[in-house]
Structures are given as C-alpha cells and as structure tokens.
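Okay, so here's the structure we're looking at.
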Amino acid sequence: MSGGVDSAVAAVLMKEAGHDVIGVTLVLWKDEAEEEKRWQDRSCCKVGLARHVAKMLEIPHVTVDAQSQFQSEIIDDFCDTYLVGQTPNPCVRCNALIKFEQLLSVAKEHGADFIATGHYAKITHQETGGYSLSTGLDEKKDQSYFLYRLTQDQLARTAFPLGGMNKESVYKKALSLGLPYEEILESQEICFVNQKNYGEFLTENRPESVIPGNIVTESGDVVGTHKGVAFHTVGQRRGLNVAMGERVYVTRLDVVKNEVVLGDPEQLLQRELAADRVIWGGWGVPSFPVSVEAKIRYRSTPKLATLIEADAETFRIVFDEPERGVSPGQSVVLYQGNTVIGGGVIRPK
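Oh and the sequence shown: position 330 is 327 in this note's numbering, straight run, nothing missing.
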C-alpha cells in the first residue's frame, strides 16, 4: 500500500473477495528536508495515508524500511547511468529488484500465499505451466511496460486486482467506500526526485557530473557549451541554449570527448536496436524471425518490428518504419497482441 488510491482499492477488492489481507508499505525514500511534507505530495511511499486507509479497512498494516537497498540498487544506478551518457529507467528496476522482491519476502514472513498490488496489468497462467504478463484493460493506465522484468517466480505469486478495471471505475469504488481519494494523488514516475528536476538531483548526488564541455554538430562544429553530458538525453530539444536558426535535437552523447552532439530530426531516426539484460516471458526465448510490437518508452505507442536475433540475454529487432528517439539505457518491451513476450535494456549503437 503506497498510500495511493490504486493500492487502496486493490486492498478493498482482495478483502471483498474473501482473502485475509495485510497492508504493507515499503519506505523507499525519505528526503530529510521534506520530513513534514503533506499527504498530497506525489511520492511512492506515503506511510501516513497508507496506515490511515488500512485502519479504515480494518486490516493490519506493517511498514518495511527498504531505503538502504533502494539507495544502492536504484538511486546509485540512476545517477551512474546518466554519468555514462545513457538514460535510466528507475521504476522498471525498482519494481523487479525492490518492490516485488521485498513484498514477497514479507509475504513469506507472514505466511501469506501471494501479494497484490494496484498496478494496471494482468497475469495469465499458461497451460504449459508458465506465467505471462499482459496489458491492463485501461490502455491509458497500462503499466505492463514497467513490470516486464518480473520473473516467473514473482508472477506466480502476484495478483493485480485492477487489471480488468479502468481508472474511472477505481475512483468510483474509492468514493463509494469513503476513501479520501481526492488526497491520494497518483505517484510521480520518479519518486525520489520529487519536487526537484533530475538535473538538480544529479548535481547534489554526483557533483562529478558537472564537467563543462562543447555542444557540437554532427560535422564537428562547436555551437555552444554544456555543463555536463549527464544532463542531456538523446532526443532532447529544449534547454540546449543554442541558436541555429532551426530545430535541433540531441542525437548522441560522446562521453569520451565530453560532447553533446546535435542534429536534425531525421538523424534521430533508427531502423534497428539491440538490447541486453533481457527478461523473457513464460514461453522463454522465442523462435525468430518473428513479428512483434516494440515499445521504447512508457508513453510511446508500440511499433511494428521484427525480432531477428534472440538468446537468453540479448535480442535485436528491426522496425518496420524507422523509430525516433531510441535512448540507450531505456527499456524496450516486446509485445505480441496484449502479451509481453520479453524486454531488455537498449544498448548504445
């Protein structure tokens, strides 16, 4: 129970289904400067609200301090990934390495059979014995992209009560039960950055990221300066502070030369990509070549592609049409229909 409306309603639905429910809140991040923050702050572990909702539902509530592991696995990786000129995806890592791992550990301690969360996704037990992850009913809220790294063991012991609901229905359910849904705002995507932008957070946590260098064109002409490669991402257009008489974008980051390279929109187009640190779904490594839909960021539309290479740890795809803004360090998730067949971390070209 994060303190948000989704996890609150998930707890209600599990209780209504006849299960014995224990509310668990993971304390992942605490900014000492915001110790007195109001409930409405958009963070992922609003303990006070979660405890309040658990009391309303008349269920036990426990908190688990996971800050140390969150620091080492998520925050340090977040900062270090930017330092090497890539764009991290902390929510994907957090779900697999922190949230579900910790929750399953708590479930074992309390003798619980499985865990339930407020994510918008579905889990199917296949006839072959494996488990597959698929998209939730609400396409706008679907979170399968963030959950693709869940293992078969994690999927086997997880339930997503909201997978067949849309957000409007969840709000109506919360209202009918008298839950304080107007105060339980949705968590922001990067909880630990909170009211800061990532640049400020990176400066505070990795001062060595501030290394001024040149902004150059693809042909090598110097057109400006930057305060550090880590503060830019592939596809960025705003905040470059250069005047070139046309729209330009960050096309790549050269950490060795400490350069931010700019180009026109066409230079952002990429026909294929490779991924490593791959997690495959319940069917295992697929035969190839095979048609898939590839999603390269949470808010993007899956694009038609062909899986041309695959093994246990890597894969390569070719898009039917060149794709723009492929960012190394981000996740690419492969779908067939509504089912996630696998995903991995985009490698630099």
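Virtual Cβ for every residue (Gly too), placed ideally from N, Cα, C.
Would a C-beta distance cut-off of 7 Å place residue i and residue j closer than the cut-off?
i	j	result
G133	G115	no
V350	V81	In the structure as shown, the chain starts at -2 and stops at 346, and residue 350 therefore has no counterpart that could be examined.
V207	V213	no
Y168	Q149	no
Y117	Q151	no
V337	G278	yes
V6	K138	no
L23	Q99	yes
N92	D135	no
N255	S131	no
R90	I112	no
R274	V342	yes
N86	Q327	yes
Give me, in chain order, the residues of the same chain whose beta-carbon lies closer than 7 Å to that of residue i; leave out the 5 immediate sequence neighbours on both sides.
i	result
L174	V9
P286	T303, L304, I305
K12	V18, L54, I56
A30	Bear in mind that a pLDDT of 44 at A30, under 50, signals an unreliable position, so the number given afterwards is only what the model happens to contain. So no residue of the chain qualifies.
L101	I112, Q151, R154
C76	L199, N202, R203
Taking the alpha-carbon positions, what's the residue i to residue j distance?
i	j	result
Y142	G242	37 Å
Y246	N238	12 Å
I95	Y145	14 Å
A51	S284	46 Å
P204	T121	45 Å
E106	F67	20 Å
S297	Q333	16 Å
L265	K300	16 Å
D261	L250	15 Å
G126	N194	44 Å
K119	D3	15 Å
P158	A14	10 Å
L147	G340	10 Å
E310	H49	43 Å
M(-2)	R344	34 Å
Just to confirm my understanding: we take residue i, look at its own chain, exclude 5 residues before and 5 after, and list those with CB closer than 8 Å. What are they?
i	result
L259	I212, V213, T214, E215, V220, L237, V239, M241, V245, Y246, V247, T248
For residue i, tell me which candidate among the options has the shortest Cα-Cα distance.
i	options	result
D62	L152, S131, R294, V21	V21
A272	R321, M11, K300, K346	K346
R321	K43, E263, S65, I343	E263
E201	H223, A227, L176, T222	A227
V59	K43, E310, E318, S69	K43
F198	S69, M(-2), Y79	Y79
T222	C88, V257, D308, V190	V257
S288	L331, A309, P319	L331
D308	A291, D317, I276	I276
Here's a check: name, in chain order, each residue in its chain whose Cβ is nearer than 6 Å to the Cβ of residue i, leaving out the five neighbours to either side.
i	result
E269	V315
Q233	V247
V401	Because the chain in this structure spans residues -2 to 346, residue 401 falls outside the shown range and cannot be described.
G225	S206, V207, I208
What are the start and end residues of each continuous alpha helix (DSSP H) run of 4 or more residues lying completely inside the stretch 190 to 239, in chain order?
195 to 202
Runs of beta strand (DSSP E) wholly within the stretch 248 to 322 (minimum 3 residues, chain order)
256 to 260, 266 to 277, 287 to 292, 300 to 307, 312 to 321
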